[in-house]
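Chains as they are written, first to last, in the working numbering: chain A, -11 to 301; chain B, 371 to 584; chain C, 133 to 350. Where is the CB? At the ideal position from N, CA and C, for every residue including glycine. Report on the structure given below.
Set out below in structure tokens:
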């Protein structure tokens, strides 16, 4: 329950007014896209189909960056984003985008022209996947560097961001695969299962750690409310579906395994997208102000603010 | 020349010369009050008799809150139905006064808690289920006003503050502010008017939540 | 060296927001943008409550979070300590604004007027297109500092070389000056009074000092 927006800010935590759904899309597209590129590279290395998944992966990353372009105040100066690699994770992310798309174009082009088993294409894709891992790491650090928003500054968010990128990629790989073939390869099911388990652990740890460390109540409330949905629909249910898909014998006929895998994959990805969206647009409360000592005036006493106002544990 | 220490003080001389201490202001007040009372009685005005008693040399204690409680009884209502005291104040920026039409003044005044809000005690707010920003109604037997609540610790549990003016706006800018005003709930009654002709910016009110923060 | 800092005496600040208004007027900031503002804080529980007013704004930190994250180098720290923004380089990504632990930065994307959709004459005269779509914040009135220094004036001593908020403060709560000069008013105030900095755990090393009590002892 917050007061209606006033013209001024006050000293209590408030929802950050700067980044909106477009910025969230950068982390959504970037996370899913890089994860998908990495999984597609893995698929290429084991000789499986990879081209459509890789295409979707690069498209996701491009979508995310495109949304950022729409959000910044001076988009036609966007090239200035490259000027500060020394300390800015945003510069580093943008710098990596160049070789990422260059190698992506090479991989997709070579794959299209020379065939999906072309060594050149696969090599380019694997290199792109390495860059993609770096890109994802940069994105996680972009949030880590934000001192003004405690829910983002929390160190435990970084592994959660990395894990969700990978999980979303593994999930979307299953969706793409389900559209192409009725039989998802077992390794892709196992990968999604492991990725979703890792993400569930990382996300729960982030949530727990944030409570322990303390954060603005507004942030904690949003995270608390979304936790059962994210964990249930985004981890528990897909894990069950994946286990069923793995358990079903491949000759069971029809597309049951791939449907299950596709649904599981979509749930995994959607849970990550939702969590990121809410984290960035609803749970992003600023830290507010505290004073360690009140001034000594008539009564001659001073005391500290007991805790940052509007924070909870 | 020897000078007694006792002679440092005025009193022995006063006694010696048979003088009394004058209280010029108080004496005048007392005398004016008597004259005023007499003139008014001669002219047949009997509605100022309580107020004229305030022309006293030495002031005595009045049951000030009792005036308001009695006024409620005289209006035929139960004082328990209007348990809170409502007072008013101004922002330092006078943003609801002469500066009401100046956006800059309004903006900087909003940095201060309570501007454009109804300030009440935090525990009282919790008790009544009122959160910061909730729309609340302040009601007295003569009228009602609505505004957004600002719970704070630095106010008595039985008191609310409605910063602002009379609520009569001519400028479009001020009209759009949607501020509550004590004016609407204050009774212009003779029983609550003192000898200087002033009412006090105090009213007994009832408080309730009428809407959420959005 | 020179290190410009701000000292605010919390015992003197009455929350009048004259500094807020003076800054807005001096820098022609649009409605909703307050480079300097005063927080209205309350500590304690009824009936044992204290109310205090805390001037804040860009703290011109020594290890600014904004400078660290800025991708374009638009935000940088001058050798004299003032953190400035080059509006012509800034791409308006708002990363700095989010990173700031002091809510000090603003971004205005559209022309914004005090009364509806038409500017008043002064607003029209002072409209600055270069500030749209980029971040803005307190500059310690760096234009006044620089022009004052060029004329041999001393920032913090001579009003023409001193930030507008400091000049306007009605209670003398705000003092500006060079902390590297042991004889400056700010140095003296910090020696003679107990002080703190806000949100220090953010690790940015702010240059805004808050006085809260006399220093005990001789």
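Checklist entry - Which of helix, strand or coil does DSSP assign to residue 138 of chain A? => result Within the first chain, residue 138 of chain A is the residue found at index 150, counting from 1. Reduced to three states, the DSSP call for residue 138 of chain A is helix.
Next on the checklist: For the stretch 126 to 143 of chain A, list every residue whose C-beta sits within 7 Å of some C-beta in chain C, in sequence order.
Outcome noted: If the cut-off is 7 Å between Cβ atoms, the stretch 126 to 143 of chain A has 133, 134, 135, 136, 137 near chain C.
Item to check | Same chain, Cβ closer than 8 Å to residue 568 of chain B, five either side skipped, listed in chain order | outcome: By one-based count along the second chain, residue 568 of chain B stands at place 198. Counting only Cβ-Cβ distances below 8 Å, and skipping sequence neighbours, we find nothing.
Next on the checklist: Do residue 186 of chain C and residue 165 of chain C have their beta-carbon atoms positioned less than 8 Å apart in this structure?
Outcome noted: As a position in the third chain, residue 165 of chain C is number 33, starting the count at 1. As a position in the third chain, residue 186 of chain C is number 54, starting the count at 1. Result no, Cβ atoms of residue 165 of chain C and residue 186 of chain C do not sit closer than 8 Å.
Item to check | Host beta strand (DSSP E) of residue 458 of chain B (start-end) | outcome: The residue you call residue 458 of chain B lines up with position 88 of the second chain. Element bounds for residue 458 of chain B: 454 to 459.
Checklist entry - Roughly how many whole angstroms lie between the Cα atoms of residue 85 of chain A and residue 201 of chain C? => result Stepping through the first chain from its first residue, residue 85 of chain A is reached at position 97. Stepping through the third chain from its first residue, residue 201 of chain C is reached at position 69. Using only the alpha carbons, I get a separation of about 18 Å.
Checklist entry - How would you label residue 549 of chain B, buried or exposed, when you count the other beta carbons within 10 angstroms and need 16 or more for buried? => result Against the second chain, residue 549 of chain B aligns to sequence position 179. Label assigned to residue 549 of chain B: buried.
Checklist entry - Name the chain C residues that come within less than 8 Å of residue 520 of chain B, Cβ to Cβ? => result For the purposes of this step, residue 520 of chain B is taken as the residue at position 150 of the second chain. By Cβ distance, chain C contributes nothing, its closest Cβ being about 11 Å from residue 520 of chain B, past 8 Å.
Item to check | Contacting positions in the stretch 522 to 543 of chain B - beta carbon closer than 8 Å to chain C | outcome: 522, 523, 524, 525, 526, 527, 543
Checklist entry - chain B partners of residue 147 of chain C, CB-CB under 8 Å? => result As a position in the third chain, residue 147 of chain C is number 15, starting the count at 1. What residue 147 of chain C touches in chain B: 462, 481, 482.
Next on the checklist: Rounded to the nearest angstrom, what separates residue 459 of chain B and residue 286 of chain C at their Cα positions?
Outcome noted: For this step, residue 459 of chain B is matched to residue 89 along the second chain. For this step, residue 286 of chain C is matched to residue 154 along the third chain. Approximately 41 Å between the Cα atoms of the pair.
Checklist entry - Roughly how many whole angstroms lie between the Cα atoms of residue 289 of chain A and residue 448 of chain B? => result Taking the first chain and counting its residues from 1, the one referred to as residue 289 of chain A is at position 301. Taking the second chain and counting its residues from 1, the one referred to as residue 448 of chain B is at position 78. Rounded to the nearest angstrom, the two C-alpha atoms are 43 Å apart.
Checklist entry - With distances taken from CA atoms, which of A/221, A/263, A/122, A/242 is nearest residue 255 of chain A? => result Position 267 of the first chain holds residue 255 of chain A. Cα-wise, what sits closest to residue 255 of chain A is A/221.
Checklist entry - When DSSP builds the beta bridges, which residues end up paired with residue 209 of chain C? => result What you label residue 209 of chain C is simply residue 77 of the third chain in a count that begins at 1. For residue 209 of chain C, which the question treats as bridged, DSSP gives the partners C/215.
Checklist entry - Would you report the Cα separation of residue 133 of chain C and residue 291 of chain C, rounded to the nearest angstrom? => result Numbered from 1 along the third chain, position 1 holds the residue referred to as residue 133 of chain C. Numbered from 1 along the third chain, position 159 holds the residue referred to as residue 291 of chain C. If I take the Cα positions, the gap works out to 22 Å.
Checklist entry - Can you name the residues that DSSP bridges to residue 491 of chain B? => result Here residue 491 of chain B is taken as the residue at index 121 of the second chain, counted from 1. In the DSSP output, where bridge partners are listed per residue, residue 491 of chain B has B/522.
Checklist entry - Is residue 415 of chain B buried or exposed, if buried means 16 or more other CB atoms sit within 10 Å of its CB? => result Within the second chain, residue 415 of chain B is the residue found at index 45, counting from 1. It is exposed - the Cβ of residue 415 of chain B has fewer than 16 other Cβ atoms within 10 Å.
Next on the checklist: Between which two residues does the alpha helix (DSSP H) holding residue 142 of chain C run?
Outcome noted: Within the third chain, numbered from 1, the residue matching residue 142 of chain C stands at position 10. Here residue 142 of chain C belongs to no alpha helix (DSSP H), and DSSP marks it neither H nor E.
Checklist entry - Name the chain A residues whose beta carbon is nearer than 7 Å to that of residue 226 of chain C? => result The sequence position of residue 226 of chain C within the third chain is 94, counting from 1. Simply 6, 7.
Checklist entry - Does the beta-carbon of residue 231 of chain C have 16 or more other beta-carbons within 10 angstroms, so that it is buried, or is it exposed? => result Within the third chain, numbered from 1, the residue matching residue 231 of chain C stands at position 99. By the neighbour-count rule (16 or more Cβ atoms within 10 Å), residue 231 of chain C is buried.
Checklist entry - Can at least three beta-carbon pairs, one atom from the stretch 53 to 73 of chain A and one from the stretch 92 to 101 of chain A, be found at a separation below 8 Å? => result Output reads no: the stretch 92 to 101 of chain A does not touch the stretch 53 to 73 of chain A.
Next on the checklist: For residue 152 of chain C, report the span of its alpha helix (DSSP H) as first-last.
Outcome noted: Taking the first residue of the third chain as position 1, residue 152 of chain C is located at position 20. In this chain, the alpha helix (DSSP H) harbouring residue 152 of chain C covers 150 to 159.
Checklist entry - When DSSP labels each residue in this structure, what does residue 230 of chain A get in the three-state scheme? => result Residue 230 of chain A sits at position 242 when you count from the first residue of the first chain. Residue state, collapsed to three classes: helix.
Checklist entry - Who are the near neighbours of residue 309 of chain C in its chain, counting only those whose CB is closer than 6 Å to its CB and skipping five residues on each side? => result Start at 1 with the first residue of the third chain, and residue 309 of chain C comes out as number 177. Sequence-distant Cβ neighbours of residue 309 of chain C in its own chain, meaning closer than 6 Å and more than five residues away, are 288, 316, 317, 318.
Checklist entry - Applying a beta-carbon distance threshold of less than 7 Å, which residues of chain A neighbour residue 265 of chain C? => result Locating residue 265 of chain C in the third chain gives position 133, where the first residue counts as 1. Within 7 Å Cβ-Cβ: 61, 62.
Checklist entry - List, in order along the chain, the chain B residues whose C-beta lies closer than 7 Å to that of residue 153 of chain C? => result Stepping through the third chain from its first residue, residue 153 of chain C is reached at position 21. Near residue 153 of chain C (Cβ distances below 7 Å), the residues of chain B are 474, 478.
Item to check | C-beta atoms of residue 138 of chain A and residue 2 of chain A nearer than 8 Å | outcome: As a working note, residue 138 of chain A is residue 150 in the first chain. As a working note, residue 2 of chain A is residue 14 in the first chain. Contact: no.
Item to check | Contact belief for residue 508 of chain B with residue 525 of chain B at Cβ below 8 Å, rounded distance in angstroms | outcome: Locating residue 508 of chain B in the second chain gives position 138, where the first residue counts as 1. Locating residue 525 of chain B in the second chain gives position 155, where the first residue counts as 1. Residue 508 of chain B to residue 525 of chain B, Cβ: 14 Å. No contact.
Next on the checklist: Is residue 142 of chain C close to the ligand FAD? I mean its beta-carbon at under 7 Å from any heavy atom of the ligand.
Outcome noted: This structure does not include the ligand FAD; it has no bound ligands of any sort.
Item to check | Unbroken stretches of the alpha helix (DSSP H), 4 residues or longer, contained in the stretch -6 to 44 of chain A | outcome: 9 to 33
Checklist entry - So, do the stretch 273 to 286 of chain C and the stretch 554 to 562 of chain B have three or more beta carbon pairs nearer to each other than 8 Å? => result no
Checklist entry - Relative to chain A, which residues along the stretch 176 to 208 of chain C have a C-beta separation below 8 Å, given in chain order? => result 176, 182, 184, 186, 188, 197, 199, 200, 201, 202, 203, 204, 205, 206
Checklist entry - On the three-state DSSP scale, how would you describe residue -10 of chain A? => result Along the first chain, one-based indexing puts residue -10 of chain A at 2. Residue placement at residue -10 of chain A is flagged as unreliable, the pLDDT there being 28, under the threshold of 50; the coordinate-derived value follows with that caveat. Three-state DSSP puts residue -10 of chain A in coil, outside helix and strand.
Checklist entry - From what residue to what residue does the alpha helix (DSSP H) around residue 264 of chain A run? => result For the purposes of this step, residue 264 of chain A is taken as residue 276 along the first chain, with counting starting at 1. Counting along the chain, the alpha helix (DSSP H) containing residue 264 of chain A begins and ends at 244 to 269.
Item to check | Endpoints, the alpha helix (DSSP H) within which residue 127 of chain A is located | outcome: For the purposes of this step, residue 127 of chain A is identified with residue 139 of the first chain, where counting begins at 1. 107 to 132 is the span of the alpha helix (DSSP H), which, as asked, contains residue 127 of chain A.
Next on the checklist: So, with DSSP's three-state summary, where would you put residue 327 of chain C?
Outcome noted: Here residue 327 of chain C refers to the residue found at position 195 when the third chain is read from its first residue. In the three-state DSSP reduction, residue 327 of chain C falls in the strand class (E or B).
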